[in-house]
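Numbering-wise (our numbering), the sequence shown opens with residue 15 and increments by one.
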Amino acid sequence: MASSQAGPIDELVQYKKAVLRDDRRDTAIRSDAEATLNFISNRKTAFFNKNDSRPAIHDRKPSINAAIPVHMAYNHPVSISRPMMVSYEQPFSYDTQYPTEKEKDIEVHAAAPSHDHHKVVDPSTPLTWTERLKHFTFAWYACTMSTGGVAFVLSVIPNRFDGLTGLGTAMFVVNIILFIAFTTIMIARFLIHPGTLKHSLSNPHEGFFFATFWLSFATMITNTTAYGIPNSGPWLIEALWVAFWIYTVCTTLIAIIYYHVLFTVKKLVITNVLPGWVLPIFPAMLVGTLASAIARFQPAHRALPMLVTGLAYQGLGMMVAMMMYGLYFGRLLTSGLPADASRPAMFIAVGPPAFTALAFIGMAQDVVITKIFPNYIKLEGITDQSLIPNMVQLLALLAAIFLWVFAFWCFGIAVLATIEAIPRNDFHLNWYAYVFPNVGFTIATIQIGVRLNSTAIKLVGTGMAAVLFFLWILIVFCHIKAVVNKMILWPGKDEDAH
15 MASSQAGPID
25 ELVQYKKAVL
35 RDDRRDTAIR
45 SDAEATLNFI
55 SNRKTAFFNK
65 NDSRPAIHDR
75 KPSINAAIPV
85 HMAYNHPVSI
95 SRPMMVSYEQ
105 PFSYDTQYPT
115 EKEKDIEVHA
125 AAPSHDHHKV
135 VDPSTPLTWT
145 ERLKHFTFAW
155 YACTMSTGGV
165 AFVLSVIPNR
175 FDGLTGLGTA
185 MFVVNIILFI
195 AFTTIMIARF
205 LIHPGTLKHS
215 LSNPHEGFFF
225 ATFWLSFATM
235 ITNTTAYGIP
245 NSGPWLIEAL
255 WVAFWIYTVC
265 TTLIAIIYYH
275 VLFTVKKLVI
285 TNVLPGWVLP
295 IFPAMLVGTL
305 ASAIARFQPA
315 HRALPMLVTG
325 LAYQGLGMMV
335 AMMMYGLYFG
345 RLLTSGLPAD
355 ASRPAMFIAV
365 GPPAFTALAF
375 IGMAQDVVIT
385 KIFPNYIKLE
395 GITDQSLIPN
405 MVQLLALLAA
415 IFLWVFAFWC
425 FGIAVLATIE
435 AIPRNDFHLN
445 WYAYVFPNVG
455 FTIATIQIGV
465 RLNSTAIKLV
475 GTGMAAVLFF
485 LWILIVFCHI
495 KAVVNKMILW
505 PGKDEDAH
């Protein structure tokens, strides 16, 4: 049987590797195809035998996660891939036509051919910038998110040199300009192309990136504490206090409402899970990071509720991330690594433990700086209130080291997967995932080195910051090149193509 089907199987192996980007070995793909062909061959008799009392194949509707047979003696090949998002519009039947279901693999970047309004257009086709504007997605905010993150890293580098603060300030200003520009372009997109707002939020592939808008806003707030407060008056401290609570309310609503949208509008396939599924909770989690950056400049009566809120939201984000980690690593064990284009998103797993570690250390330092204990408040049951700040700092450091190692492990897995896929990976906006999660990882490393008074760890953190800066430059260059070469901001090549 295997030899008689060698031709179609060889074609299928090449199709899956070239088009579907199946990264398994040829033998594994061939084995699946041969098993499917054997099953179809054995059941053909039952299909046509009127005396067979067993239910015919066409009377059975496969489950969502069932694999679709490859070749059905009607010379119409149908691809077998990892489980996809499937919605049936008509009863399933093995007919001389293709199955009538719509399939989506949320890992695959290019649009499916059935999506006429997002069909891939030949780059040689002339399109106006207004037409290309339709494909300006929320993923562009990953640029401002990462730019702001790198600027903040430059503000905490312990081994400083002349011009470093000026460079960080320049990046901070450029990031604000980019954020305003991107927001203006995004509004123009929604006005010029009606329906794109609803589609952008209801389509998970783009909707997950809605969080990057809020993460960009968070980086601008934190950078304001580093570059704005030293060069302004007390009014900015008041403004930051107001901005903190506005951000907290907005991200709380986003964390609840957008996950509700995911629960009700789209059904995601668990074997396609990526760390990016945690993005909707990420802005809420960064309330802790904001609290650690802002509270130290506030009086005790304002710093205390900010720190309590920051701790609570940091815990919320980390708990949701832990639930996602179970799904994510289960997927890696059972379905293998993500598609090549999705490998950069693996670095998102580094973010939650890294940002939690730096938030713990930062908030513990704020407790000391603002002198909340024992001057402003006393805790019942503790005899010596003066010990509280030292206890909090010790516990924060221990927890940060605990979380740092987990972030390092996630980082190592992502690095190996990325290196393996580099020859087959073109630029996508998710490349900025190489930067932003590692912003938290780098700052956490520096903060741990400072608390332990370790010159070696601080040097490692400084080296990580340097690598991160040059990586950001490389990705920005690739970003500009991709726009010019019509690799992005083009029909069928962006996150809205799904």
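Built from N, CA and C at the ideal position, the CB exists for glycine as well. Note that this is a predicted model, so its numbers are computed, not measured.
Close beta carbons around residue i, own chain, < 7 angstroms, minus the five adjacent residues each side
i, result
"Phe277", "none"
"Pro403", "Val381, Val382, Phe387"
DSSP-derived helix/strand/coil call for residue i
i, result
"Asn217", "coil"
"Trp504", "coil"
"Gly365", "helix"
"Ser349", "helix"
"Phe166", "helix"
"Lys75", "With a pLDDT of only 44 at Lys75, under 50, the local geometry of the prediction cannot be trusted, and the value read off the model is given with reservation. Three-state DSSP puts Lys75 in coil, outside helix and strand."
"Asn467", "coil"
"Val135", "coil"
"His315", "helix"
"Ser306", "helix"
"His493", "helix"
"Gln111", "Low confidence applies to Gln111: its pLDDT is 42, below 50, so where it sits in the model is not reliable, and the reading given next is rough at best. Correct three-state label for Gln111: coil."
"Lys281", "coil"
"Gly247", "coil"
"Thr50", "helix"
"Pro275", "It should be pointed out that residue 275 corresponds to Val in this sequence rather than to Pro. Three-state DSSP puts Val275 in a helix."
"Thr142", "coil"
"Lys30", "helix"
"Arg438", "helix"
"Asp176", "coil"
"Leu288", "coil"
"Ile383", "helix"
"Ile391", "coil"
Presumed contact (8 angstroms Cβ cut-off) between residue i and residue j, rounded CB distance
i, j, result
"Thr323", "Thr262", "6 angstroms"
"Leu181", "Thr161", "The pair is not a contact, with the Cβ atoms about 12 angstroms apart (cut-off 8 angstroms)."
"Thr384", "Gln461", "The Cβ separation is near 18 angstroms, so there is no contact."
"Ala421", "Pro367", "4 angstroms"
"Met320", "Phe387", "Wrong, their Cβ atoms sit about 15 angstroms apart, outside the cutoff."
"Ile268", "Trp228", "6 angstroms"
"Lys472", "Pro172", "5 angstroms"
"Gly506", "Val135", "6 angstroms"
"Thr158", "Asn189", "6 angstroms"
"Val283", "Tyr342", "With a Cβ gap of about 13 angstroms, Val283 and Tyr342 do not count as contacting."
"Phe296", "Gly331", "7 angstroms"
"Ala232", "Leu300", "5 angstroms"
Separation of residue j from residue i, as counted between CA atoms
i, j, result
"Glu434", "Val449", "19 angstroms"
"Ala14", "Tyr273", "Since the first and last residues shown for the chain are 15 and 512, residue 14 lies out of range."
"Met478", "Ser468", "16 angstroms"
"Ala458", "Ala165", "15 angstroms"
"Asp380", "Gly163", "21 angstroms"
"Cys424", "Met377", "24 angstroms"
"Leu178", "Ala470", "21 angstroms"
"Val364", "Ala335", "10 angstroms"
"Glu252", "Asn245", "15 angstroms"
"Leu482", "Ala153", "20 angstroms"
"Val187", "Ala156", "17 angstroms"
"Leu393", "Ala314", "15 angstroms"
"Pro437", "Ile362", "21 angstroms"
"Trp486", "Ala480", "10 angstroms"
"Leu51", "Val27", "14 angstroms"
"Thr183", "Arg44", "56 angstroms"
"Phe369", "Leu443", "22 angstroms"
"Leu205", "Asn217", "18 angstroms"
"Ser230", "Val256", "17 angstroms"
"Cys492", "Tyr446", "11 angstroms"
"Met185", "Ala47", "52 angstroms"
"Val474", "Gly340", "30 angstroms"
"Phe441", "Gly344", "27 angstroms"
"Thr265", "Val275", "15 angstroms"
"Met405", "Phe196", "44 angstroms"
"Trp249", "Phe175", "30 angstroms"
Cβ-based neighbour list, residue i, same chain, cut-off 6 angstroms, excluding 5 preceding and 5 following
i, result
"Leu411", "Arg465"
"Gly221", "Leu215"
"Lys148", "His207"
"Pro137", "Lys500"
"Arg357", "Ala431, Thr432, Ala435"
"Met338", "Trp291, Val292"
"Val497", "Leu503"
"Phe223", "Phe152, Ala153"
Exercise for the section: Tell me, please, whether the stretch 394-405 touches the stretch 437-457 by the rule of three or more beta-carbon pairs shorter than 8 angstroms. Expected result: no
Exercise for the section: Answer yes if the stretch 233-248 comes into contact with the stretch 194-210, meaning at least three C-beta pairs across the two stretches below 8 angstroms, and no otherwise. Expected result: no
Handout entry: Any 3 or more C-beta pairs closer than 8 angstroms across the stretch 299-309 and the stretch 320-337
Key = yes
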